[in-house]
Amino acid sequence: MSVPIRKSMPFAARRALMQLGADIRDARRRRRIPTAMMAERALISRSTLHKIERGDPGVALGAVATVLFVLGLSDRIATLADAGRDSVGLDLEAERLPQRIRARRRRPSSQE
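Counting in numbering that gives the first Met the number 0, the sequence shown runs from 0 upward without gaps.
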């Protein structure tokens, strides 16, 4: 028997999804888009839109991306896990860089 997503998800991740959902709801309301029209434009059901706006972790990422596209916010999807903003990953990569780099010796050619 599998553990439900909500129970296995870290609290910080759950809170981040809830904030994302609230931000999507606020963006829709600022644009004065009714839920029925938003769902129609995003090609999803109203119940799926409500789940997105509540931050339900079981909603497909594609549905969230489509809603963001309809709101004109899809450019932000590409920066969610941007490698340039990954400070931990950049630090780990910097630790693995060699202290010095030596030029390779050229092997004499056997044709000469």
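Ideal placement from N, C-alpha and C gives every residue a C-beta, glycine not left out.
Here the structure is a predicted model, which is why all the values come from computation and not from measurement.
Start and end of the alpha helix (DSSP H) containing residue i?
i     : result
THR65 : 60 to 69
ARG14 : 10 to 29
SER46 : 45 to 53
ALA82 : Neither: ALA82 is in no alpha helix (DSSP H) and is coded neither H nor E.
ALA35 : 34 to 41
Take the Cβ of residue i as the centre, count every other Cβ of all protein chains shown within 10 Å, and call the residue buried at 16 or more, exposed below.
i     : result
GLY54 : buried
THR47 : buried
GLY83 : exposed
ALA38 : buried
Please tell me whether residue i and residue j are closer than 8 Å, where the distance is taken between their beta carbons.
i     : j     : result
LEU70 : ALA26 : yes
GLU52 : ILE32 : no
Is residue i near the ligand MG, in the sense that its beta carbon is under 7 Å from a heavy atom of that ligand?
i     : result
HIS49 : Inclusion of the ligand MG in the displayed structure is not the case, the ligand content being empty and no account of it being possible.
To the nearest whole angstrom, what separates the beta carbons of residue i and residue j, a pair I think is in contact under 8 Å?
i     : j     : result
PRO56 : LEU16 : 6 Å
Open item on the list: Closer than 8 Å is the cut-off here; do at least three beta carbon pairs connect the segment 36 to 44 with the segment 65 to 72?
Closed with: yes
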